[in-house]
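**Q** Got a structure here, written out as structure tokens. Questions coming.
Number of protein chains: 2
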Amino acid sequence: MDRLTERQEQLLRLIVHEYVSSGRAVGSKMLVESYHLSVSSATIRNEMGELERAGLIDQPHTSAGRVPTDRGYRYYIERLIGEPRLSSTEEMMIRHQFRQVEMQLEGWMQLAVTTLARSTGNVSVVTAPRVQAQTARVKHFELVGIQDHVVLLVLVTQESGVKQSFLHWHDMVTQPQLRAISDRLNTPFAGVNAADAAALAAREEGLARLVAESIAERLRELDTETSVELQHAGLEHALQQPEFAGGQAAGQFVELLRGGGFLSALLPQVQPEPADNVQVFIGTENIADSLHPYGIVVATYGVRHEVIGLVGVLGPRRMPYERSIGSVRYISGLMSDLVGRLYGAEPFTTEPYTPGRNTPDHD
Amino acid sequence: MDRLTERQEQLLRLIVHEYVSSGRAVGSKMLVESYHLSVSSATIRNEMGELERAGLIDQPHTSAGRVPTDRGYRYYIERLIGEPRLSSTEEMMIRHQFRQVEMQLEGWMQLAVTTLARSTGNVSVVTAPRVQAQTARVKHFELVGIQDHVVLLVLVTQESGVKQSFLHWHDMVTQPQLRAISDRLNTPFAGVNAADAAALAAREEGLARLVAESIAERLRELDTETSVELQHAGLEHALQQPEFAGGQAAGQFVELLRGGGFLSALLPQVQPEPADNVQVFIGTENIADSLHPYGIVVATYGVRHEVIGLVGVLGPRRMPYERSIGSVRYISGLMSDLVGRLYGAEPFTTEPYTPGRNTPDHD
DNA sequence: CGTTAGCACTCGTGAGTTGAGAGTGCTAAC
DNA sequence: GTTAGCACTCTCAACTCACGAGTGCTAACG
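Protein chains in written order, with my numbering: chain A, 2 to 364; chain B, 2 to 364.
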């Protein structure tokens, strides 16, 4: 499509703004009046005709106002809003809240998702950062007796992942016994991957074998893990939107979000790198049909090539993209920074993480 | 209120059934026709007048049919449905599903909540069983080096609770160093409660002090822990209900459920013991105003006096109480049984857990 | 040639209107 | 105690209808 004239762009901007905030199709006369434009409504109509021919806006029916199309939103985002940022006071307030919470991933995620929901008035989602290493390798494991027949296995991998599971053993288990196994096996298991661990397990007997097998099992899980946990917040906002008035649409939306279909539909179209790169998918731009009714603003966060999580905003196609992009960018930068501090100082880091321009560099 | 006549009870039963399934106020003529009653609609009207005078049913407006009041539902539950059970094939299918899942609390809870939601067509909730001991005492702790400056503390209490937290230390930490601390402190800390732990911590220095303080902190958390996690499922069902048509009501509902206000509103009115005792709260019977619009069917599950969790169904006042009670009772019995197996064989158990009559005793 | 006033036309929306239907209570007869 | 009949009430869905917001087109204007 060719570049629009200055005035057409201005017009498109107004239409998007007005439609997003009011939810009703916007007409020429109303636009002239409420924005005190210096041209008549007839001129606006002519220009609107242009925009419609360019496929940027659409009318739901004759004699209704115009509504932005997916392409219209796209043009708006690409060329009309630049790189939106939150106001500095807002950034400060968010930063301040993050400083309150202790140095724990859980808390950060929780805070990120609620902040984002509040800031955008839409549903926000976040996933835990996932280590990108192809194969998990043992760093260290520990056995803790919980009950006579129950043992807790805590497995720490070289990728800084911690995984725990309960083992049930038919005989009584004592702490010294566990200590002995742990002492004997930790050395041969160091640096071992799932396949190796399974091989090692085959040579063991009794409880030690159960432990070794369980380690192999956990490693396999870490390698093949696809079920990333999705946290979300702000569902109550979305349900207020007229788009979800009928129980039908609302039900589908909730199902998508909670049933887990959302992530698997979204992930294929998200570029994992570079982090903090905000990506927007509007309506039919989404690959998966199930996402067509929605607008999505996401960014990945984390340490380059190593740990990557997802943070984003989900709502009806009619959503405040400018604000959402700004918020997602800032939150993702913040999360990258925090995760970088947690993982960044590690020896296995090969490339240092460079904070993006939206990352707070002083506090 | 005095006992109703046989026919009045039958009538109330029909009204409840009809209203719950149709959602529309039920009138005399319609009742006579669709249930082929052997009396005329006029007689029904007279009887309905009685029921209305007794406060069991109500008409939303003149010339509308009747709708059960909270007291009407209460009467229905107390005297008209006995002790509802699921069909044996249904119980079998549920039991079968539980057998598929591994011996892990997480999985059980997940399964319980989804099964209950599907079975009742409403929102279901479940909390993890919480140990009832007044003061948590250390059984054993373990330190695992995660990174140079990060240590994972795994604390096991005598009540079989496992709690973990990350410690950040300004200097580099090695595994032998951790081993030394763990060896030295595990003995004096055995059986210690929060206050004692804090006292012991005061005598330590450096990293050991950090560890000891963190243990004391965790114990204190276990003692005062009020924020029980609530899992829920079946939100999509509830949103289909006409009661939640407007975004307003739906938003409040979601907020209640996810904002955590629900549990703190519910808990004060739930009797924790005995387990598997199904309790029903209808509309204004709920103490908290925020719960007035809803009907709630809950039971506690777990081991007597020791570990207690909550499982239940939440929906609009118009909900299938009979079915919900049956489902909740069965699921709670199942969960009690499972938790009993996990905790029951423990030495700290003083009274053996006796499975209720709804507990599967053969499999 | 861009802009604008005027005009004819479309069509969704919301406010009334209206009739059908479902409901009720009451009364008198069975 | 039951029921047929009746007068009455009130919701609901359908229908009409005028309004207004919107459009595109055309002709005139600077």
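Each residue gets a CB set at the ideal place from its N, CA and C atoms; glycine is no exception.
Below 8 Å, can you find three or more Cβ-Cβ pairs linking the stretch 317-326 of chain A to the stretch 79-92 of chain A?
**A** Judged by Cβ distances under 8 Å, the stretch 317-326 of chain A makes contact with the stretch 79-92 of chain A, as three or more pairs qualify.
**Q** I need the DSSP call for residue 311/B, collapsed to helix, strand or coil.
**A** In this structure, residue 311/B counts as strand in the three-state DSSP scheme.
**Q** Just checking, does the stretch 98-113 of chain B make contact with the stretch 329-345 of chain B on the three C-beta pairs under 8 Å criterion?
**A** Yes, since at least three Cβ pairs between the stretch 98-113 of chain B and the stretch 329-345 of chain B fall closer than 8 Å, the two stretches touch.
**Q** Any beta carbon of chain B sitting closer than 7 Å to that of residue 296/A?
**A** No, because no Cβ of chain B sits closer than 7 Å to the Cβ of residue 296/A.
**Q** With distances taken Cα to Cα, identify the nearest neighbour of residue 173/A among 186/A, 181/A and 148/A.
**A** The residue with the shortest Cα to Cα distance from residue 173/A is 148/A.
**Q** Quick check: the Cα distance between residue 341/A and residue 218/A, rounded to an integer number of angstroms?
**A** About 29 Å.
**Q** Using CA atoms only, rank isn't needed, just tell me which of 46/B, 73/B, 168/B and 45/B is closest to residue 58/B.
**A** Ranking 46/B, 73/B, 168/B and 45/B by Cα distance to residue 58/B puts 73/B first.
**Q** What's the call for residue 352/B, buried or exposed, on a 16-neighbour Cβ count within 10 Å?
**A** Caution applies to residue 352/B, whose pLDDT of 31 falls short of 50 and renders its modelled position unreliable; the model cannot decide the point.
**Q** Please decide whether residue 145/A counts as near chain B, where near means a Cβ-Cβ distance under 7 Å.
**A** At least one chain B Cβ lies under 7 Å of residue 145/A.
**Q** Examine chain B for any beta-carbon lying closer than 7 Å to the beta-carbon of residue 252/A, and answer yes or no.
**A** Yes, contact with chain B.
**Q** Since residue 176/B contacts residue 146/B with CB under 8 Å, what's their CB separation in whole angstroms?
**A** Confirmed, about 5 Å.
**Q** Let me see if you follow: with CB-CB separation under 7 Å, is residue 236/A close to chain B or not?
**A** With 7 Å as the cut-off, residue 236/A counts as an interface residue toward chain B.
**Q** By how many angstroms is the C-alpha of residue 193/A removed from the C-alpha of residue 156/A?
**A** Roughly 12 Å between the two C-alpha positions.
**Q** Please report the straight-line C-alpha distance between residue 108/A and residue 119/B, rounded to a whole angstrom.
**A** Looking at the two C-alpha atoms, the distance is approximately 32 Å.
**Q** Taking 7 Å as the cut-off, decide whether the C-beta atoms of residue 210/B and residue 199/B are in contact.
**A** Contact flag unset, no.
**Q** Is residue 299/B closer than 7 Å to residue 280/B when the C-beta atoms are compared?
**A** Yes, the Cβ-Cβ distance between residue 280/B and residue 299/B is below 7 Å.
**Q** Classify residue 143/A as helix, strand or coil using the three-state DSSP reduction.
**A** Three-state result, residue 143/A: strand.
**Q** Would you call the stretch 44-55 of chain A and the stretch 18-32 of chain A in contact, with 3 or more CB pairs under 8 Å?
**A** Verdict: yes, contact present.
**Q** Considering only the alpha carbon of each residue, which of 212/B, 95/B, 302/B and 55/B lies closest to residue 1/B?
**A** Missing from the structure shown is residue 1/B; chain B here goes from 2 to 364 and no further.
**Q** Between residue 60/A and chain B, is the shortest Cβ-Cβ distance under 7 Å, so that the two count as touching?
**A** Taking Cβ atoms only, chain B never reaches closer than 7 Å to residue 60/A, which makes this a no.
**Q** Would you identify the three-state DSSP class for residue 364/A, choosing helix, strand or coil?
**A** Confidence at residue 364/A is low in this model, with a pLDDT of 34, below 50, so its placement is unreliable and no value can be given for it.
**Q** Go through its chain and collect everything with a Cβ distance to residue 9/B's Cβ below 7 Å, but skip five positions before and after it.
**A** For residue 9/B, where only same-chain residues beyond five positions count, the Cβ hits under 7 Å are 48, 51 and 52.
**Q** Which residue's Cα is closest to the Cα of residue 285/A: 277/A, 276/A and 296/A?
**A** It is 296/A whose Cα lies nearest to the Cα of residue 285/A.
**Q** For residue 288/A, which residues from the same chain have a beta carbon less than 8 Å from its beta carbon, with the 5 sequence-adjacent residues on both sides left out?
**A** So the list reads 266, 269 and 270, once near-sequence residues are dropped.
**Q** Is the Cβ-Cβ distance between residue 128/B and residue 311/B less than 7 Å?
**A** The answer is yes: Cβ separation under 7 Å.
**Q** Given this structure, state the Cα-to-Cα distance separating residue 305/B from residue 132/B, to the nearest angstrom.
**A** So the alpha carbons of these two residues sit roughly 10 Å apart.
**Q** Quick check on DSSP: helix, strand or coil for residue 180/B?
**A** Note: residue 180/B maps to helix in three-state DSSP.
**Q** Going by the DSSP bridge assignment, what does residue 282/A pair with across the sheet?
**A** Looking at the DSSP assignment, residue 282/A forms a beta bridge with 297/A.
**Q** Let me make sure I understand the geometry here. Which of 63/B, 262/B, 249/B and 37/B has the alpha-carbon closest to that of residue 230/B?
**A** Among 63/B, 262/B, 249/B and 37/B, the Cα nearest to that of residue 230/B is on 262/B.
**Q** By the 10 Å Cβ neighbour count, where 16 or more other Cβ atoms means buried, how is residue 65/B classified, buried or exposed?
**A** So residue 65/B ends up on the exposed side.
**Q** Fully enclosed by the stretch 93-159 of chain A, which beta strand (DSSP E) runs are 3 residues long or longer?
**A** Runs of the beta strand (DSSP E) inside the stretch 93-159 of chain A: 124-128, 139-148 and 151-158.
**Q** Which residues does DSSP pair with residue 73/A in a beta bridge?
**A** DSSP output for residue 73/A lists no bridge partner at all.
**Q** Is the beta carbon of residue 315/B closer than 7 Å to that of residue 397/B?
**A** Examination of residue 397/B is not possible in this model, given that chain B is present from 2 through 364 alone.
**Q** If you draw a straight line from the C-alpha of residue 76/B to the C-alpha of residue 4/B, how long is it?
**A** Using only the alpha carbons, I get a separation of about 10 Å.
**Q** Taking the beta strand (DSSP E) that residue 203/B belongs to, which residues open and close that run?
**A** Run containing residue 203/B: none in the beta strand (DSSP E); it sits in the alpha helix (DSSP H), 195-203.
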